[in-house]
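Going by the working numbering, the first residue of the sequence shown is number 919, and it counts up by one from there.
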Amino acid sequence: MQSNTSFRVLGIETSCDETGVAIFDSREGLLAHALYSQVQLHAEYGGVVPELASRDHVRILLPLVGQVLAAAGMTRSDLDGIAYTAGPGLIGALLVGAAVGRSLAWALEVPALAVHHMEGHLLAPLLEKVPPAFPFLALLVSGGHTQLIDVEAIGRYRILGESLDDAAGEAFDKVAKMLGLGYPGGPAVAALAAGGRAGRFRFPRPMTDRPGLDFSFSGLKTHVLQVL
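In structure tokens, the structure reads:
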């Protein structure tokens, strides 16, 4: 174990269709990272196939760990801890990351930390050169979640509002499927919108006339279907 002034952690992310590995030093910051995408694997199916995602994580995770260690000029014995995504996400994909993370930690006799996926998103800004001070407001927008959260401190969060139906990213993907844009659909929809004519279509603005800070995107998705 290294001194408290320099604690090096290997991070593993396998919640969906990307395999992410990084090494973070408590004193020096990010030392190395690598990200492998399964987009091409799932493209022909029009979305993520959980079983294929799990198998690809099994195939690529350990080589990616080795690649990141080499990039940081380290060996496994230099690690002081392992952190891995514990959820939410695809259960099979999560199990791959958890199995590798916990096994490495056991073999190296270092701590293993299960990290909540959304908490990781919430606290990512703390890695910036000029991190936000507590408390701060965070907007999480992804394929599975849309939440407005009051971040009071690490481990102290209050949900101020969230989607009552589809997440924003999910709505993008479903609209892309309606338009036959393939997978991943979100970037394709964004690209089309950037080249579109403002005001050509009028869409409803859900929840603006209701109290609270919740979101709703299913009505927008339905409106797109009606226009088509």
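Every residue, glycine too, gets a C-beta built ideally from N, C-alpha and C.
Measuring straight from C-alpha to C-alpha, what distance separates residue i and residue j?
{"i": "Met919", "j": "Leu949", "result": "Any reading at Met919 must be qualified, since the residue scores a pLDDT of 45, below 50, and its modelled position is unreliable; no value is offered."}
{"i": "Ser933", "j": "Leu1040", "result": "16 angstroms"}
{"i": "Leu1148", "j": "Leu1099", "result": "No answer is possible for residue 1148: the residues shown for the chain start at 919 and end at 1146."}
{"i": "Leu987", "j": "Asp1068", "result": "35 angstroms"}
{"i": "Val983", "j": "Asp935", "result": "17 angstroms"}
{"i": "Ala1116", "j": "Leu980", "result": "47 angstroms"}
{"i": "Gly1019", "j": "Met1036", "result": "19 angstroms"}
{"i": "Leu1045", "j": "Glu1027", "result": "26 angstroms"}
{"i": "Ala1111", "j": "Leu1082", "result": "25 angstroms"}
{"i": "Phe1133", "j": "Gly947", "result": "35 angstroms"}
{"i": "Leu1013", "j": "Ala989", "result": "26 angstroms"}
{"i": "Thr1064", "j": "Lys1092", "result": "16 angstroms"}
{"i": "Glu969", "j": "Asp1127", "result": "42 angstroms"}
{"i": "Pro1105", "j": "Thr923", "result": "41 angstroms"}
Using DSSP bridges, identify the partner residues of residue i.
{"i": "Phe1133", "result": "Ser1081"}
{"i": "Thr937", "result": "Tyr954"}
{"i": "Asp1068", "result": "Leu1055, Arg1076"}
If you run the structure through DSSP and keep just helix, strand and coil, what is residue i?
{"i": "Gly1062", "result": "coil"}
{"i": "Phe1090", "result": "helix"}
{"i": "Arg1118", "result": "coil"}
{"i": "Asp974", "result": "helix"}
{"i": "Arg926", "result": "strand"}
{"i": "Ala1056", "result": "strand"}
{"i": "Ala1108", "result": "helix"}
Measuring alpha carbon to alpha carbon, tell me which residue in the options is nearest residue i.
{"i": "Asp943", "options": "Asp996, Thr1140, Val976, Gly1137", "result": "Asp996"}
{"i": "Ile1072", "options": "Ala1051, Gly1062, Gly1087", "result": "Ala1051"}
{"i": "Val939", "options": "Asp1083, Phe925, Tyr954", "result": "Tyr954"}
{"i": "Tyr1101", "options": "Thr923, Ser924, Gln956, Ser972", "result": "Gln956"}
{"i": "Tyr963", "options": "Ala1042, Leu1022, Lys1095", "result": "Lys1095"}
{"i": "Leu1146", "options": "Asp1127, Phe1119, Thr1126", "result": "Phe1119"}
{"i": "Arg1123", "options": "Ser1136, Pro1043, Gly999, His960", "result": "Ser1136"}
{"i": "Thr993", "options": "Leu1022, Asp1091, Pro1043", "result": "Leu1022"}
{"i": "Ala1011", "options": "Asp1127, Gly991, Arg977, Gly1103", "result": "Arg977"}
{"i": "Pro1043", "options": "Leu1058, Ala1106, Arg1076", "result": "Leu1058"}
Our contact map puts residue i next to residue j with C-beta atoms below 8 angstroms; I'd like the distance itself, whole angstroms only.
{"i": "Gly1062", "j": "His1034", "result": "Actually they do not touch by this definition, with Cβ atoms about 13 angstroms apart."}
{"i": "Glu931", "j": "Thr1003", "result": "5 angstroms"}
{"i": "Arg926", "j": "Asp998", "result": "5 angstroms"}
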